[in-house]
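Engineer: Mind having a look at this structure? Questions to follow.
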Amino acid sequence: MTFADAEFYPPVSVCQPVEEALRQQVEQERLLNQVTTQIRQSLELPVILETAVQQVRDFLLADRLVIYQFDTQSSTPSTETSPGIANCAGQSREIEGLGGQVTYEARASQGIITALHWAEPDSCFVRVPLCRERYHRGSTLAIADTELTYANVPCLMNLLRQLQVRAKLVAPIMVQESLWGLLIAHQCFEPREWQPTEQRFLQHIAEHLAIAIYQAQLYAQVQQQKQTLEQRVIERTQDLRDTLLAAQAANRAKSEFLANMSHELRTPLTCVIGMSATLLQWSLGQLSQRQRDFLQTIHNSGKHLLELINDILDLSQVEAGKMLLNVSEFSLTQLAYQSLQILKEKAERNQVTLALEIQSQRFEIDAPEPPPTLNFAADQRRVRQILLNLLSNAIKFTPEGGQVILRLWSETNKVALQIEDTGIGIPEDQKTPAVSKISAARYLP
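Numbered according to the working numbering, the sequence shown spans residues 3 to 447.
As structure tokens, then:
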């Protein structure tokens, strides 16, 4: 070849087709990776689908790219032929309708008619077999020229012309073996031969979109379950709150009733106790011994009943949160000594010996010298009530010839009160190895 021939025939690289194919493959991989990354990073399905539609249209240089979403009740797999099932040869309702509409769209220009929210009329369809099965296998449908393919279907041809569809490429979107929708590329003004690489690319995009849709469905289910669970928790919490309020109201009513009844009962009891005590002060000549015994029984029973009423009132005040402590400084040893003196007569009747120990030192309750003073700050009335209750129980359950010991000792900023008796104790089968004696102790800060 001469120099002149070289000028007339410019050099062409034999590698140019290969380079172009490699470039397209790289671009396809890049776009697939981009869609995949977006699917992994986002659970917002509308954003994923809108972005994917726009990017795929740009890559394919199609005039319009749409997503056609089937109605849920229409997308169940079936081998039966029904009106409107897509004809794989092209004889079908446009946009391969199984009952649904276009939900996403990207157009090359505003001059192209929008197909968004378009649904084909039910009056234009033909009965065709086996198309749904092909879509369920993931096969694509490529129509190079709708004027030729749909020439024998005037009704469908009219719809295609209205939508400016001259060529189309369809890829099914299969979500968990269910036909969710179709990814469709339109060429609006001229025929187009869809390359195998373009068909495979659209198919891969549809597969990735199916993953995103399934992922979004799972997320929606989780959110729904979460909302349902939260609602149940709220309802259950409200039920528990209502039950608690009702219980609190009932408890307050009970406490108020007990407080009122205790107050009302103490008024006549005070009269009974006071008058019986006055009559007992009369001389023996004015009352016979039998009458005095009756009066003493009335007086003692009234005092006992008054103690029970006071205990009920105290309990109701504690439950109602109205118990007030009158804290003052007093001699704890003197209080213990007085408590033993009060119960001395009861102990003698039961033939039980009482003893007092302070800081491991024994004191007789009949000793002329009182025990050393151990000052303590608390509600003296409540401490006396605790001591009398514990000592009374100890005397009650101690047999004749037994002994009850009240011990007091200080530990740093606390005082320990312990009552030991020789009563019936705890059965051997219920004792722990550390239990060697029966005792009741109260630690007071």
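We treat Cβ as the ideally placed atom computed from N, Cα and C, and that holds for glycine.
Assuming Pro374 is part of the beta strand (DSSP E), what are its boundary residues?
Structural biologist: It is not in any beta strand (DSSP E) - Pro374 carries neither H nor E in the DSSP assignment.
Engineer: What does DSSP give as the partner residue(s) for Thr355 in the beta ladder?
Structural biologist: Looking at the DSSP assignment, Thr355 forms a beta bridge with Gln405.
Engineer: Can you give me the C-alpha to C-alpha distance between Ala110 and Arg66, rounded to a whole angstrom?
Structural biologist: Approximately 6 Å between the Cα atoms of the pair.
Engineer: Between which two residues does the alpha helix (DSSP H) holding Leu216 run?
Structural biologist: Residue 216 is actually Tyr in this sequence, not Leu. Here the alpha helix (DSSP H) through Tyr216 covers Pro198 to Leu282.
Engineer: May I have the straight-line CA-CA distance separating Thr239 from Ala249, to the nearest angstrom?
Structural biologist: Their backbone Cα atoms lie some 15 Å apart in a straight line.
Engineer: Would Val49 pass as a contact of Ile69 if the rule is Cβ separation under 8 Å?
Structural biologist: Taking 8 Å as the Cβ cut-off, Val49 and Ile69 do not qualify as a contacting pair.
Engineer: Let me confirm a value: Glu331 is counted as buried when at least 16 other C-beta atoms fall within 10 Å, else exposed. Which label applies?
Structural biologist: With fewer than 16 other Cβ atoms within 10 Å, it is exposed.
Engineer: Contact defined as beta carbons within less than 8 Å: I believe Leu308 pairs with Ile344. What is the distance between those atoms, to the nearest angstrom?
Structural biologist: Between Ile344 and Leu308 the Cβ distance is about 16 Å, and since that is not below 8 Å, they are no contact.
Engineer: I need the DSSP call for Phe127, collapsed to helix, strand or coil.
Structural biologist: Here Phe127 scores only 48 on pLDDT, less than 50, and its place in the model is too uncertain to base an answer on.
Engineer: Check each candidate in Ile397, Asp295 and Ile300 and name the one with the smallest Cα separation from Ala357.
Structural biologist: Nearest C-alpha to Ala357: Ile397.
Engineer: According to DSSP, simplified to helix, strand and coil, what is Ile360?
Structural biologist: Residue state, collapsed to three classes: strand.
Engineer: To the nearest angstrom, how far is it from the Cα of Leu419 to the Cα of Ile314?
Structural biologist: The alpha-carbon atoms of Leu419 and Ile314 are separated by roughly 25 Å.
Engineer: Count the other CB atoms within 10 Å of the CB of Ile24; is the residue buried (16 or more) or exposed (fewer)?
Structural biologist: Just to set this straight, residue 24 is Leu in the shown sequence, not Ile. Looking at its Cβ environment, which holds fewer than 16 other Cβ atoms inside 10 Å, Leu24 is exposed.
Engineer: So is Lys256 buried or exposed if we call it buried at 16+ other beta carbons inside 10 Å?
Structural biologist: Result: exposed.
Engineer: Is the beta carbon of Trp411 sitting closer than 8 Å to the one on Gln361?
Structural biologist: In this structure, Gln361 lies closer than 8 Å to Trp411 by Cβ.
Engineer: Could you tell me whether the Cβ atoms of Leu204 and Leu185 are closer together than 8 Å?
Structural biologist: Contact flag set, yes.
Engineer: Quick one, are the C-beta atoms of Ser341 and Arg386 less than 8 Å apart?
Structural biologist: Result yes, Cβ atoms of Ser341 and Arg386 sit closer than 8 Å.
Engineer: Are there 16 or more other CB atoms within 10 angstroms of the CB of Gly183, so buried, or fewer, so exposed?
Structural biologist: Buried, by the Cβ-count rule.
Engineer: According to DSSP, simplified to helix, strand and coil, what is Gln57?
Structural biologist: It is helical.
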